[in-house]
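Reviewing the structure listed below.
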Amino acid sequence: MVGIPGYITFTAGYWMHANIWLDVDEVREWAKKPAIPYEKDWGCKRQVPREYWPATLRRLCRGYGTVIFDPTVRAVKLADGGGFGHWGVYIGPWDDFNPDRAYRLRLRKDAWVWHEI
């Protein structure tokens with residue numbers, strides 16, 4: 055019987071997906087822009103409307119994901135998911151991500167795919 059894959063297997067698949075569709079350098083350049091439009095959210099992190107996402111994040115996330123931008127460290131977090139968990143990409147210093155519990159796989163320096171556990 056085939057079931058829902060666990061977070062380790064799922065994250066490995068998402069890592070492959072991100073390596074195909076995500077251009078980390080494009081996201082980093084976008085995060086350097088002086089005026090990224092965002093909506094107020096919690097703390098110093100801000101939710102960016104989808105129409106302002108860089109093209110590479112729109113290719114990576116075809117569904118209902120959310121991009122959170124932290125202007126203090128110029129970090130970008132893509133969060134996707136639903137009832138069976140949340141996952142995404144984080145580009146920035148991992149210490150500033152501060153997830154409660156997350157399994158992560160490194161894409162490049164200061165760039166990871168993650169899955170909550």
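The opening position of the sequence shown corresponds to residue 55 in the working numbering, with each subsequent residue numbered one higher.
No residue lacks a Cβ here, since even glycine has one placed at the ideal position from N, Cα and C.
Exposed unless 16 or more other CB atoms sit within 10 angstroms - verdict on G117: The residue in question, G117, is exposed, as its Cβ has fewer than 16 Cβ neighbours within 10 Å.
Exposed unless 16 or more other CB atoms sit within 10 angstroms - verdict on A109: Flag for A109 reads exposed.
Where the alpha helix (DSSP H) through R82 begins and ends: For R82, the enclosing alpha helix (DSSP H) has its first and last residue at 78-85.
Nearest to T120 (by Cα), restricted to the options G139, P103, A85: Nearest C-alpha to T120: P103.
Cβ pair L132, L111 closer than 9 Å: Result yes, Cβ atoms of L132 and L111 sit closer than 9 Å.
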